[in-house]
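Just below is one structure, and these are the notes that go with it.
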Amino acid sequence: MILVRTVLRQPEAATGLVLLAVLALLALLAPVLFPGDPLKIAGRALTVPFTDPAFPLGTDRLGRDVLAGIVHGARTSLFVGLAAALAALAIGLSVGLAAGFAGGIADEALMRVVDAFQIVPSFLLALAFVSVVGPSVPVVVLAIALGAWADPARLTRAEVLSARERDYVAAARVAGMHPVEIALREILPIVLPPVLALSAIIVAAAILTEAALSFLGLGDPNVVTWGSMIAEGRNVLRSAPFLSIFPGLALVATVIGVYLFSEGLTNALAGEGRANVNEGKKRRSRGKSSSLPGRAERDDSAGDNPPAEQGEEGVLCRVKNLSVTYRGQETPALRDLDLPIRVGERLAIIGESGSGKSTFARALAGLLPDGAEMEGRVHWTGSAAPRAGRDLGYVLQDPSASLNPVLTIGEQVAEGARRHLGLSWPEACARALDMLERVHLPEPKKLLDAYPHQLSGGQRQRVAIAAALAARPGLLIADEPTSALDMVVQAEIVALLDELVRAAGMTLVFITHDIALAAGFADRVAIFKDGALVETGPAAAVLAAPHATYTKQLVASHRDLASTPLVGEIGA
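Numbering-wise (the numbering used here), the sequence shown opens with residue 476 and increments by one.
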C-alpha cells in the first residue's frame, strides 16, 4: 500500500478525498436520510432557506425539498461520472494497448479513429448522441464515454510504445509469453497509473457534462440531477436564487474534490515512481512464497532439454548468409554472416559498438523488431527451432531494464518454470528459490518478495540469469550482461555463467566488447566488425596468433591478456 500512503500524504489528494468522501456518504445514505421520491411535492412552494426546520435549504416552485434533491442528485451525478469514466477507460485502454502493441497498419487505422473522435468536441458529441437516442441515465453514460475515450487511448498508446521497447518485454517474448499476455501482464501495470490520473479528470468532466445535458433538458426526466435543479432555478433566479446556488455549490465542490485528488495522485506518481504501483501482486507473490517447501531439485538447472538434437560434427545451429537491415537504414547491421554454433560450447561474440553482435543475438532468439529485414537463414539441427523460454534462455544487457519494475523477483523467476515445466505456483516458487540460491544471492527467501529497484546492479543481473535458467534451457544467450557493471562484478557474473554452463552442459553464446573478459572462459571466439565476421576459431589459438588485422588490434589493446584473467581469480 505504498502508493496509497504516498497519495494520502499529498495535501491536495487528502483535501479532495475528504470532499468526495462526504458527498459519497450523503449519496449512499440518501434513501435513509430522505426516504421517498425526491421529485414528490413535500411542502409549500418557494420556502426560504433556514426558515423551516423541515426544509433547511427551502423548497422549489412546486414545493419539493431542495436538500433532498441535492442529496439524491449526488447519487446520479457520482454514478454517471464514475460509470462514464470506467467505460471511457475500458475503451481507451483496449484501443491504446492494441494500437501500441500491434503497430503497423493496425496502429495507423486505430489512431485515425482516435483522431476522428478528438476532432469533435466531446460535449457536442454527447449532445448529438442523446438528442438522437433519447434521454436516460444509461444513454447519458454512453454518450459521455464516447466523447471521452480518445484521450486515454492516445495516452495509453504513447506509454505502450515506450514500454514495449524495454528489455523486460523482450525477455517476456523470449520466455514464450503470448502477445496478449505480455500486453496485460508486462505492459498494462506500467501504463495504468498515468491513465488512472487522467481518468480522475474524466470523472469531473463527466459530472459537468451530465449537469450541462440536464440543464438543457436532455437528462432523464424521472431522475433528479443537479443540472435539472439549476435549470429549474433559472426561471426564478431573481426572486429565489438559492434554487440554483445550492446545487451549483454541490457541483463545484464535487468537481474541485475530483481535481484535487487527481492532482495529488499525479504528484504521488511523479515522486514515488512506478516501482511499487502493484502492491496487490506483491501480496499474491508473498502468499505463494509462504508455501515454499524449501527443497532443492536435482542438480540439472539447465541442459536436460537442448533445443535440437546433436547433428553432424556436433553443430547445434548454423547461421547461413545472414543479413539484417533495420528500417530507415541503408547499411546492413549484419552482412552475409556464416557461423556454426556447436553443442555444449561457450562461444564469445566479440566486437565494438555497432559491430552487429547484439543484432546477431536477437536474430538467434527471434527478437528482431518488426522493421528489420532479414535475409539468409538460421538452421537448427533437428526437427524444430528452439521454443522460446523453454529451450532458449536470454540474458539482456541492462539488468535495470531487463526486469519488470512492478513484479516481484519471485514472480519473475518462477514464471518461466511454471509456464514451461508445468509446475504449480508453489512448485514454481520453490524452483525460483532454488535458482536464487544457485546464483549465490544472499537471503534468497527475502528476495522472493523484493522488487528490482531494491537490489544492486550485480544482484539484478544474477536474478536475470536465474530467470533465464529457471526452465532449464539448453542454449543460453547472454547479450553483454556485464556492460552496465563495474569490473569486479563483471568478473563475478562471468564466473557465475561459466560455473552454471559447465555444471549443466548447456551451450552459451556470450556477447561482449571486452576481449579480455572473454579470454578467461570461452572455448571459441567470433570477432565482428561493421556487421561482418572477420575471424573465428578456438579462443586460445585466435588470441595467441590472430590473423585478421582488426583482431590483432583488439589483442594489442589488451595487454593484460598475457596475465591471469580476473575472471579466473574470482572463480577460483
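Quick reminder that beta carbons are idealized off the backbone N, C-alpha and C, glycines included.
Q) Got a sec, what are the start and stop residues for the alpha helix (DSSP H) Trp-900 sits in? A) One-based indexing of the sequence shown puts residue 900 at position 425. Run containing Trp-900: 900-913, per the alpha helix (DSSP H) assignment.
Q: Would you grab the beta carbon distance between Ala-681 and Gly-556 for me? Rounded to a whole angstrom, and I think it's under 8 angstroms.
A: Counting from 1 along the sequence shown, the entry for residue 681 is found at position 206. Counting from 1 along the sequence shown, the entry for residue 556 is found at position 81. Correct: roughly 4 angstroms between the Cβ atoms.
Q: Alpha carbon to alpha carbon, how far is Lys-1004 from Pro-919? Give it in angstroms, no decimals.
A: Start at 1 with the first residue of the sequence shown, and residue 919 comes out as number 444. Start at 1 with the first residue of the sequence shown, and residue 1004 comes out as number 529. Counting only the Cα atoms, Lys-1004 lies some 41 angstroms from Pro-919.
Q) Do you know offhand how far Gly-692's Cα is from Leu-683's? A) In the sequence shown, counting from the first residue as 1, residue 692 sits at position 217. In the sequence shown, counting from the first residue as 1, residue 683 sits at position 208. Computed Cα separation, rounded: 14 angstroms.
Q | Paired residues, beta bridge with Gly-868 - DSSP | A | Here residue 868 refers to the residue found at position 393 of the sequence shown. Partner(s): Leu-951.
Q. Quick one: Cα of Met-704 to Cα of Pro-486, how far?
A. Counted from its first residue, the sequence shown places residue 704 at position 229. Counted from its first residue, the sequence shown places residue 486 at position 11. Here the alpha carbons of Pro-486 and Met-704 stand approximately 32 angstroms from one another.
Q.
Quick check on DSSP: helix, strand or coil for Val-790?
A. Your numbering for residue 790 matches position 315 in the sequence shown. In the three-state DSSP reduction, Val-790 falls in the strand class (E or B).
Q: Tell me the start and end of each unbroken alpha helix (DSSP H) in the segment 959-1026 that is at least 4 residues and wholly inside, in chain order.
A: Qualifying alpha helix (DSSP H) stretches, in chain order: 962-979, 990-994, 1014-1019.
Q. According to the Cβ coordinates, are Val-914 and Ile-940 closer than 8 angstroms?
A. Looking up residue 914 in the sequence shown gives position 439. Looking up residue 940 in the sequence shown gives position 465. Their beta carbons are under 8 angstroms apart, which means Val-914 touches Ile-940 by this criterion.
Q | Backbone CA spacing between Gly-1012 and Val-964 [nearest angstrom] | A | By 1-based counting over the sequence shown, the position of residue 1012 is 537. By 1-based counting over the sequence shown, the position of residue 964 is 489. Across the structure, Gly-1012 and Val-964 are spaced so that their CA atoms are roughly 28 angstroms apart.
Q | Other residues of its chain near Thr-800: CB distance less than 6 angstroms, five sequence neighbours each side excluded | A | Your numbering for residue 800 matches position 325 in the sequence shown. By the criterion of a C-beta distance shorter than 6 angstroms, Thr-800 is surrounded in its chain by Pro-807, Glu-848, once the five residues flanking it on both sides are discounted.
(Q) Excluding the 5 residues flanking Ala-715 on each side, which residues of the same chain have their C-beta closer than 6 angstroms to its C-beta? (A) Locating residue 715 in the sequence shown gives position 240, where the first residue counts as 1. For Ala-715, where only same-chain residues beyond five positions count, the Cβ hits under 6 angstroms are Leu-521.
**Q.** Ordered list of alpha helix (DSSP H) runs contained in the segment 515-578, each at least 4 residues
**A.** Taking only runs of at least 4 residues, the alpha helix (DSSP H) segments lying wholly in the segment 515-578 are 541-577.
Q.
So, with DSSP's three-state summary, where would you put Pro-668?
A. The sequence position of residue 668 within the sequence shown is 193, counting from 1. In the structure shown, Pro-668 sits in a helix (DSSP, three-state: H, G or I).
(Q) Which of the three DSSP states is assigned to Arg-821 in this structure? (A) For the purposes of this step, residue 821 is identified with residue 346 of the sequence shown, where counting begins at 1. Here Arg-821 sits in strand by DSSP.
Q.
With the cut-off set at 8 angstroms, would you say Phe-985 and Ile-824 are in Cβ contact?
A. In the sequence shown, counting from the first residue as 1, residue 985 sits at position 510. In the sequence shown, counting from the first residue as 1, residue 824 sits at position 349. Using a Cβ distance threshold of 8 angstroms, Phe-985 and Ile-824 count as a contacting pair.
Q) What's the call for Met-476, buried or exposed, on a 16-neighbour Cβ count within 10 Å? A) As a working note, residue 476 is residue 1 in the sequence shown. A caution first: Met-476 carries a pLDDT of 48, below 50, which makes its placement in the model too unreliable to give a value.
Q | Of the listed residues Leu-600, Ala-601, Leu-568, nearest to Leu-585 (C-alpha basis) | A | Residue numbering aside, residue 585 sits at position 110 when the sequence shown is read from its first letter. It is Leu-568 whose Cα lies nearest to the Cα of Leu-585.
Q | Buried or exposed by the 16-neighbour rule on C-beta atoms within 10 Å, applied to Ser-833 | A | Start at 1 with the first residue of the sequence shown, and residue 833 comes out as number 358. Buried, since its Cβ has 16 or more Cβ neighbours within 10 Å.
Q | Where Met-586 falls: helix, strand or coil (DSSP) | A | The residue given as residue 586 occupies position 111 in the sequence shown. In the displayed model, Met-586 falls within a helix according to three-state DSSP.
Q | Contact belief for Ala-942 with Val-888 at Cβ below 8 angstroms, rounded distance in angstroms | A | Looking up residue 942 in the sequence shown gives position 467. Looking up residue 888 in the sequence shown gives position 413. About 5 angstroms separates the two Cβ atoms, so the contact holds.
Q | Val-794 and Leu-812 closer than 8 angstroms at C-beta | A | For this step, residue 794 is matched to residue 319 along the sequence shown. For this step, residue 812 is matched to residue 337 along the sequence shown. Yes, the pair counts as a contact, with Cβ atoms nearer than the cut-off.
Q. By DSSP, does Gly-803 sit in helix, in strand, or in coil?
A. Working through the sequence shown from its first residue, we reach residue 803 at position 328. Coil, per DSSP.
Q: Could you tell me which uninterrupted alpha helix (DSSP H) segments, each at least 4 residues in length, are contained entirely in the segment 590-676, listed from first to last along the chain?
A: As summarised for the segment 590-676, the continuous alpha helix (DSSP H) elements at least 4 residues long and confined to that stretch are 597-608, 612-623, 625-638, 642-649, given in chain order.
Q. With contact counted as at least three CB pairs below 8 angstroms, one residue from each stretch, are the segment 536-555 and the segment 587-599 in contact?
A. The segment 536-555 vs the segment 587-599: no contact.
Q: Under 8 angstroms by Cβ, that's how I've got Asp-695 and Val-612 pegged, so tell me the actual separation to the nearest angstrom.
A: Sequence index remark: in the sequence shown, residue 695 carries index 220 (1-based). Sequence index remark: in the sequence shown, residue 612 carries index 137 (1-based). Correct: roughly 5 angstroms between the Cβ atoms.
Q: Using the Cα positions of Glu-661 and Leu-667, report the straight-line distance between them to the nearest angstrom.
A: As a working mapping, residue 661 is identified with position 186 in the sequence shown. As a working mapping, residue 667 is identified with position 192 in the sequence shown. Cα to Cα, the separation comes out at about 11 angstroms.
Q. Which whole-angstrom value describes the C-beta separation of Leu-688 and Val-616, a residue pair presumed to lie in contact below a C-beta threshold of 8 angstroms?
A. The residue labelled residue 688 in the question sits at position 213 within the sequence shown. The residue labelled residue 616 in the question sits at position 141 within the sequence shown. Between the beta-carbon of Leu-688 and that of Val-616 there is about 11 angstroms, and that puts the pair past the 8 angstroms contact cut.
Q) By DSSP, does Ser-798 sit in helix, in strand, or in coil? A) Along the sequence shown, read from residue 1 onward, the residue named residue 798 stands at position 323. In the structure shown, Ser-798 sits in a strand (DSSP, three-state: E or B).
**Q.** Counterpart residues of Met-704 in DSSP-defined beta bridges
**A.** Taking the sequence shown and counting its residues from 1, the one referred to as residue 704 is at position 229. Answer is none; Met-704 lacks a bridge partner.
Q | Gly-702 beta carbon less than 8 angstroms from that of Val-491 | A | One-based indexing of the sequence shown puts residue 491 at position 16. One-based indexing of the sequence shown puts residue 702 at position 227. The question names Val, yet the displayed sequence has Gly at residue 491. 8 angstroms or more divides the Cβ of Gly-491 from the Cβ of Gly-702.
Q: Compute the beta-carbon to beta-carbon distance between Tyr-926 and Thr-987, rounded to the nearest angstrom, for a pair I have assumed lies under 8 angstroms.
A: Counted from its first residue, the sequence shown places residue 926 at position 451. Counted from its first residue, the sequence shown places residue 987 at position 512. Contact between Tyr-926 and Thr-987 does not hold, since their C-beta atoms are separated by about 28 angstroms, which reaches or exceeds 8 angstroms.
Q: Reducing DSSP to helix, strand and coil, say where Glu-850 ends up.
A: Counting from one through the sequence shown, the residue named residue 850 turns up at place 375. Strand, per DSSP.
Q) Looking only at DSSP bridge pairs, what is Pro-815 linked to? A) In the sequence shown, counting from the first residue as 1, residue 815 sits at position 340. In DSSP, Pro-815 forms a bridge with Arg-793.
Q | Asp-775 classed as buried or exposed, judged by whether at least 16 other C-beta atoms fall within 10 angstroms | A | As a position in the sequence shown, residue 775 is number 300, starting the count at 1. Annotation note: pLDDT 39 at Asp-775 (below 50); position unreliable, no value reported.
(Q) Does the structure place the segment 628-635 close enough to the segment 559-579 that three or more beta carbon pairs sit under 8 angstroms? (A) The segment 559-579 is in contact with the segment 628-635.
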